[in-house]
Structure formats: C-alpha cells, structure tokens
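Working notes for the structure below.
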Amino acid sequence: MHSQSSTRIGRIALGVALSVFALAACSQKPAEEAETAPAAEPATTATAPEAAANTAAPAATAPAAGAVTPDNVDTLSGAKFASFTGDAAKGEKAFIACKVCHAPDKNMIGPMLKGIVGRAAGTVEGYTYSTANKNSGITWTPEKLFQYLEKPQRVVPGTKMTYPGMTDPQQRADTIAYLSTLK
261 MHSQSSTRIG RIALGVALSV FALAACSQKP AEEAETAPAA EPATTATAPE AAANTAAPAA
321 TAPAAGAVTP DNVDTLSGAK FASFTGDAAK GEKAFIACKV CHAPDKNMIG PMLKGIVGRA
381 AGTVEGYTYS TANKNSGITW TPEKLFQYLE KPQRVVPGTK MTYPGMTDPQ QRADTIAYLS
441 TLK
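Numbering of the sequence shown is given in the numbering used here, commencing with residue 261 and proceeding in unit increments.
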C-alpha cells in the first residue's frame, strides 16, 4: 500500500512540476527581466545549471543574426502561405495548443487573438508586450502569421512567446484560417 501511495504522490508531484514549468516558460516576468537586466558575468565556479543560466540570458536579448524584416514572409522550410488552403475547423482543433496562453476575447499569458489578422503587432490594449514585439513594425497578415507560427523567436527575436513553433505548414494555414474567423 505504501508503494502505491508513493507512486501516486510522485505522479502528482511530476504533474505539478510540469505545470509550473509550462507556466514559467510562458510567463511575462522572466522575459521582461531578460530585456532590462544587464548580462551577468559567468562565474568561474558555477555549477552546470548556473553556467547554463548565465550563458542563456545574453542570448535571449541579443538580436538574432539575419533577423527577419517586417515585410519578409520567407519561411525556413520554403513553404508559401499561398500554396495552402486553410480549414478553420481543423485550425480550431490545432488552436487547442495555443489555449494554454491565448484566448480569443481576453488577455491571458499572451494577448487576446480576436482581430489578430490585419492588426499591428504589440497593440492589444491592456497587454504588456516585449519591447521587441512592440517595435517589430509587423502587421499580422496571413503570410506574416504563417512565417511567425513556424518559429516565433526567428521572426521577433526577444518576443515573450516561448512557443517553439508549428512545423507543419498545413496546420499553420488551418490555424490562420481559424484566427481569421475571430473578429
């Protein structure tokens, strides 16, 4: 009986730890601190996790080599938005992964997405954007969203959005079709 109880507690602890990790990855505070905090000097006696933390902070604030311009919509895979027909019903299903941080009608960890298609980046009232997003000069056209959803950090280096990206171009087109319905 003790073994089953320990296993159950272990599973609960793992679930809580994963939830905390997911929320921390999407939280606003670390990204804001990374934008304003000076780079830490690497400690010569740092443990491996400390050394990784010391080297990760400067990379988050440094502009990416070959940063994408606001009018550039080239994807890493070479896929073009115009080559795909999005299905809003399939996109709504794909959007489930986005619901951890986004909602159509309210700001959460990420800004609300109602009206995203055609909107200037960094302009949802009541949401605190990263400086990188506010100053990106991007208008969220379907083509730009197609590029952004592939790998957000590539398109807006320094964004608070920690989502690694949606590699399937059809799934991106479907998601954009769904986002287009949120008016």
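All C-beta atoms, glycine included, are put in the ideal place defined by N, C-alpha and C.
Under three-state DSSP, which class holds residue i?
i: A349; result: helix
i: A380; result: strand
i: T399; result: strand
i: L442; result: coil
i: F344; result: coil
i: Y408; result: helix
i: E295; result: Residue confidence is low: E295 scores 37 on pLDDT, short of 50, so the model does not pin down where it sits. No coordinate-derived value is stated.
i: I356; result: helix
i: I256; result: Shown here, the chain extends from 261 to 443; a query on residue 256 therefore has no answer.
i: P429; result: helix
If you drop the 5 nearest sequence neighbours on each side, which residues of the same chain put their C-beta closer than 6 Å to that of residue i?
i: A354; result: Q431, D434, T435
i: K478; result: The first residue shown for the chain is 261 and the last is 443, placing residue 478 beyond what the model contains.
So, residue i versus residue j, is the Cβ gap smaller than 8 Å?
i: T422; j: N393; result: no
i: K443; j: G346; result: no
i: T399; j: A380; result: yes
i: P330; j: S396; result: yes
i: M368; j: C358; result: no
i: L439; j: V377; result: yes
Can you name, in chain order, every residue of its own chain whose Cβ lies under 7 Å from the Cβ of residue i, other than the five neighbours on each side?
i: K366; result: M372
i: A437; result: G346, D347, A348, G351
i: K404; result: V333, I398
What does a CB cutoff of less than 8 Å around residue i pick up in its chain, not counting 5 residues either side in sequence?
i: P364; result: M372, L373, K374, L442
Over the uninterrupted alpha helix (DSSP H) stretch that includes residue i, give me the two end residues.
i: P332; result: Checking the sequence, you will find Asn at residue 332 rather than Pro. Neither: N332 is in no alpha helix (DSSP H) and is coded neither H nor E.
i: N393; result: 391-394
Given 7 Å as the limit, tell me if residue i has its C-beta closer than that to any heavy atom belonging to the ligand ZN.
i: T388; result: Looking for the ligand ZN in the displayed structure turns up nothing, as the structure carries no ligands at all.
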